[in-house]
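Each position in the sequence shown, counted from 1, maps to that position plus 100 in our numbering.
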Amino acid sequence: MLAEVSRSGYYAWLARTDSVSLREERDYADYLFLKHVHDRHKGKIDYRGIYMEMLDLIGGPMNHKRILRIMRKCCRRRKKNFGGL
């Protein structure tokens, strides 16, 4: 039985799977670096602070949206304490 997928759709899917796996590898390497910074601040740093830290450590910016996406995927979020409310 054929999957009834067009030839161009199949090759587009093939190209996309390669780029997705490369992105995941880069994300994992960046995750390890972000996790190091996050742990060094004992989890009390947000993506803006990590962005500023990255400017100092690697000498160049990392996109804040990328930092936020990786943090959402991998790091736990702190619960906010509103003074015992």
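The beta carbon of each residue, even a glycine, is placed where N, CA and C say it ideally should be.
Because the structure is a prediction, the values reported are computed rather than measured.
Query	Result
Spatial neighbours of M101 in its chain, beta-carbon cut-off 7 angstroms, leaving aside the 5 residues before and after	Confidence is the limiting factor: at M101 the pLDDT is only 48, short of 50, which leaves the residue's position unreliable, though a coordinate-based value still follows. Excluding residues within five positions, none has a Cβ falling inside 7 angstroms.
Euclidean distance between Cα positions of Y111 and R140	44 angstroms
With 16 other Cβ atoms within 10 Å as the buried cut-off, status of I145	buried
Same chain, Cβ closer than 8 angstroms to L155, neighbours up to 5 away in sequence not counted	P161
Beta-carbon proximity check, Y147 vs I170, cutoff 7 angstroms	no
Length of the line joining the Cα atoms of L157 and K173	22 angstroms
Cβ-based neighbour list, G149, same chain, cut-off 6 angstroms, excluding 5 preceding and 5 following	none
Chain C within 7 angstroms of M162, Cβ atoms only	Checking the listed chains, one finds no chain C in this structure; it contains a single protein chain.
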